[in-house]
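There are 2 protein chains.
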Amino acid sequence: MNQIDLTLYLVLDPDLCGGLENMVETARIAAQHGATVVQLRAPNQKKRWWLQAARQLKAVLDPLHVPLIINDHIDIALAVDAAGVHVGQADLPPDAVRTLIGRHKILGLSTSNAEQLAAVPLDIVDYIGVGPVYPTGTKPDASPVIGLAECARLMRAKACPAVAIGGIKPGMAAPLIAAGVDGVAVVSAICGQPDPAIATRQLLDEITGARS
Amino acid sequence: MNQIDLTLYLVLDPDLCGGLENMVETARIAAQHGATVVQLRAPNQKKRWWLQAARQLKAVLDPLHVPLIINDHIDIALAVDAAGVHVGQADLPPDAVRTLIGRHKILGLSTSNAEQLAAVPLDIVDYIGVGPVYPTGTKPDASPVIGLAECARLMRAKACPAVAIGGIKPGMAAPLIAAGVDGVAVVSAICGQPDPAIATRQLLDEITGARS
């Protein structure tokens, strides 16, 4: 399997960031201050925007050795040679994705219940997202909220690296690490924050503190 | 360049057809009765739906030797080994698409004015769409209507095969062929019609009549 450091996983939202340029700058700041992965997620944007955004993000993230993950659009990931892709349950199925991306790109899959977790093809998927743990405003079509206790229960059965996602704010990361996740994914806790550097460092401190 | 018979080009709309199953049946009937190309276009659908739809369409169209063209999503075209792809001006640019699909898949590009027509990379693109010629209800984000006279003017400068699109109904195809297009693309003139076989044959008769 491909290795990925899920510790602090930033999912970009171009609207929350205030457009493409600010989004790329947010990614740069977050990566410099401790984000270990950056995902581009922009369901309302056309592919030409995606290509431009992904290229700019890669130019910023590659020198910092932070992998760029592309949500949903495998064609964009291939076009920019991104480090990996992330798909949901209604996106291309993992086997089809793996065929398209080859062995060496990271493949993540969203899961939100025990049934989906049990169905993860462990020889194909490198990590899973688990959530939404808390109510989220950044994904209108999100699955029902699972909560901390259910997240902990799901983690007891996990067989691959897992990152928690959904409405996670400062102060909520430590209990998730204690619940067994390998990292925490955030959107609005960094995107659109007055100081993304401080926001990133605060989350990272909380996660590393919870691990020690 | 890759050859494509643009004579009667069906662009599928799953909603107009009444869902996936009816859409595949519409494609089958149209291909049996003279449609020379079928494009899957479904901007509101998720990729898992796309994959299922494209696989079913390919199973129906391959035995009839009618090429399946995938709109926008190169990953889907690669996953099902479709005959080609069609992109608009806001989708992935032709050079990026060609790199992803290789030499032998058909690549179509939408154009709607002289500037876009002049910018078509003729060594990369196999055919162009020109329109919308008439007002259309099936593409909310369509460019301004160009009309028959402007279509004819654009066709005098064309340097690659071209198919007209946008609000084309029976009785409107012959003047477009006279204006210089190589074929006519329709959505609602076949999708959702009470008898797609009759609708297809009527359009085909009109086009072949206009050519003779």
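Those protein sequences? They're chains L and A, same order as listed. full-length UniProt numbering numbers the first residue of the first sequence as 1 and each following residue consecutively. full-length UniProt numbering numbers the first residue of the second sequence as 1 and each following residue consecutively. We put the CB at the ideal spot given by N, CA and C, even for glycine.
Residue 103 of chain A at chain L interface by Cβ criterion, 9 Å: no
Contact between the segment 21-38 of chain L and the segment 198-205 of chain L (3+ Cβ pairs under 8 Å): yes
Under 9 Å between C-beta atoms of residue 127 of chain A and residue 182 of chain A: yes
Interface partners of residue 51 of chain L on chain A, CB under 8 Å: 92, 93 and 96
Test: residue 87 of chain A CB closer than 9 Å to a CB of chain L: yes
For residue 108 of chain A, the first and last residue of its enclosing alpha helix (DSSP H): Unbroken run through residue 108 of chain A is the beta strand (DSSP E), 106-111; no alpha helix (DSSP H).
Selected residue, minimal CA-CA separation from residue 2 of chain A, among A:36, A:104, A:73 and A:137: A:104
Residue 26 of chain A versus residue 191 of chain A - alpha carbon distance: 7 Å
Residue 154 of chain L, DSSP secondary structure in three states: helix
Touching by the beta-carbon criterion (3+ pairs, under 8 Å), the segment 87-95 of chain L and the segment 59-69 of chain A: no
Residue-chain proximity (residue 69 of chain L, chain A), Cβ-Cβ < 9 Å: no
Supposed contact pair residue 145 of chain A and residue 132 of chain A - C-beta distance, whole angstroms, cut 8 Å: 5 Å
Chain L residues whose Cβ lies nearer than 7 Å to that of residue 48 of chain A: 90, 91, 92 and 93
Opening and closing residue of the beta strand (DSSP E) in which residue 85 of chain L lies: 84-87
Distance, residue 209 of chain A Cα to residue 130 of chain L Cα: 60 Å
Contact list for residue 128 of chain A against chain L, beta-carbon separation under 9 Å: Within chain L, no residue comes near residue 128 of chain A; the closest Cβ sits about 17 Å away, beyond 9 Å.
Enclosing alpha helix (DSSP H) for residue 60 of chain A [first to last residue]: 47-61
Interface residues of chain A facing residue 78 of chain L [CB-CB closer than 7 Å]: 100
Minimum C-alpha distance to residue 171 of chain L - residue among L:205, L:193, L:100 and L:180: L:205
Where residue 71 of chain L sits in the DSSP three-state scheme: strand
Proximal residues to residue 117 of chain L (C-beta, below 8 Å), its chain only, five neighbours per side dropped: 111, 128, 130, 154, 157 and 158
Rounded separation between residue 136 of chain L and residue 121 of chain A - CA only: 44 Å
Residue 96 of chain L vs residue 80 of chain L beta-carbon contact at 9 Å: no
Cutoff 9 Å: residue 72 of chain A Cβ touching any chain L Cβ: yes
Neighbouring residues, chain L, relative to residue 15 of chain A (Cβ below 9 Å): None at all; the shortest Cβ gap to chain L is about 17 Å.
Whole-angstrom distance between residue 22 of chain A and residue 169 of chain A, CA atom to CA atom: 21 Å
Beta carbon of residue 207 of chain L nearer than 9 Å to that of residue 12 of chain L: no
Backbone secondary structure at residue 10 of chain A - three-state DSSP: strand
Contact with chain A by residue 75 of chain L, beta-carbon distance below 9 Å: yes
Cα-Cα separation between residue 165 of chain A and residue 180 of chain A, rounded to whole angstroms: 13 Å
DSSP beta-bridge partners of residue 39 of chain A: A:11 and A:69
Cα-Cα separation, residue 150 of chain L to residue 189 of chain L: 22 Å
Beta-carbon gap between residue 82 of chain L and residue 47 of chain L smaller than 9 Å: no
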